[in-house]
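Working notes, beginning with the structure itself.
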Amino acid sequence: MQTLELRGVGKRFGALQVLKEIDIRIEQGEFAAIVGPSGCGKSTALRMFAGLENPSEGQALADGVPIEGPSPARMLIFQEHALYPWSTVEDNVGLGLELAGVPKAERIRRVNEVLEKVNLGGFNRYYPSQLSGGMKQRASIARALVMDPDVLLLDEPYGALDALTRLSMQNELLDIWSGSGKTMLLITHDIDEALYLADKIYVMSARPGQIVETIRIDQPRPRDRSSEAFAEHRRNIMRLLGLED
Ligand SMILES: Nc1ncnc2c1ncn2[C@@H]1O[C@H](COP(=O)(O)OP(=O)(O)O)[C@@H](O)[C@H]1O
Ligand SMILES: [Mg+2]
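Start counting the sequence shown at 22; every next residue gets the next number (my numbering).
Next up, the structure:
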């Protein structure tokens, strides 16, 4: 189980300062979200936790230890579900296990278990092109989950889905997380999605991205999207993002 931390993190790409003095700490088992304008460095921050980017200043830590590179304990899920079009769902989902040398019988068992969990039971032999957008995204989540990671890093996973599919995917994600002890970090441009899911929302400024506020959401789940508390938080975040009218 992993605690995630950025301590005094800055990031430059050449002359471009993308992140500035970022301090965040996500406890193990916590569900955190990041919202912020496009280009403010959200994906860059997430990729640091995935071990795919290094800070220019400061440190990215998992359980207090500097992150040196990718780990199966921290799995990244993004919108362009990178499923191999020439492989079936079960082969796509089982690939990580195969690369890790897990024997076939156990692989099949774990793939089936995880497909059930994401509501894709019975779609083992389908190819990605035969799946809806939501089902492809479920397969991507399954591919991450099958490795039994401590941390799920989700980069606008539902950005390409229609509104109704998104709502059911949010509930499915809560089911996956509830009681799992997994640490979740979700980037989303959908404020309501962050409010519905997260224990804690980091609101970021335009580039160079800084944390302008950390908002705790204490409402019990499942949350009522039409509650006054929800509306209040929504207004506050819109104001922080400069989106109020
Ligand atoms: N590898 C890279 N090399 C150069 N510039 C990059 C690289 N990755 C991201 N950027 C730039 O950093 C900025 C922040 O990118 P990103 O983290 O993807 O923002 P966000 O996810 O908030 O939209 C953008 O201007 C982007 O073009
Ligand atoms: Mg991004």
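Ideal Cβ placement from N, Cα and C applies to all residues, glycine included.
Looking at the secondary structure, which residues open and close the alpha helix (DSSP H) in which residue i lies?
i: residue 123; result: Counting along the chain, residue 123 falls outside any alpha helix (DSSP H), and DSSP gives it neither H nor E.
i: residue 209; result: Neither: residue 209 is in no alpha helix (DSSP H) and is coded neither H nor E.
i: residue 70; result: 63–70
i: residue 187; result: 184–198
i: residue 156; result: 154–166
Within its chain, find whatever has a CB closer than 6 angstroms to the CB of residue i; leave out the 5 residues flanking it on each side and keep chain order.
i: residue 179; result: 187, 190
i: residue 81; result: 27, 69, 88
i: residue 176; result: 64, 67, 99, 208
i: residue 117; result: 168
Suppose the cutoff is 8 angstroms on Cβ atoms and the five residues either side in sequence are ignored; what does the same chain contact list for residue i look like?
i: residue 245; result: 251
i: residue 145; result: 109, 110, 111, 132, 133, 136
i: residue 154; result: 181, 182, 183, 186
i: residue 103; result: 161
So, for residue i: in the same chain, excluding its five sequence neighbours on each side, which residues have a beta-carbon less than 7 angstroms away from its beta-carbon?
i: residue 40; result: 30, 31, 32, 62, 65, 66, 229, 230
i: residue 219; result: 52, 53, 54, 207, 238
Please determine, among the options, the residue with the shortest C-alpha to C-alpha distance to residue i.
i: residue 114; options: 161, 174, 236, 175; result: 161
i: residue 201; options: 217, 177, 222, 173; result: 173
i: residue 38; options: 211, 195, 199, 226; result: 226
i: residue 247; options: 222, 233, 83, 217; result: 217
i: residue 59; options: 255, 91, 211, 256; result: 211
i: residue 263; options: 34, 57, 23, 97; result: 57
Run the CB neighbour count on residue i, radius 10 Å, all protein chains shown included, and call it buried at 16 or more, exposed below.
i: residue 165; result: buried
i: residue 11; result: The question about residue 11 has no answer here: the residues shown for the chain are numbered 22 through 266.
i: residue 107; result: exposed
i: residue 223; result: buried
According to DSSP, is residue i part of a helix, a strand, or is it coil?
i: residue 83; result: strand
i: residue 34; result: strand
i: residue 39; result: strand
i: residue 144; result: coil
Under DSSP, the beta strand (DSSP E) around residue i begins and ends at which residues?
i: residue 222; result: 221–225
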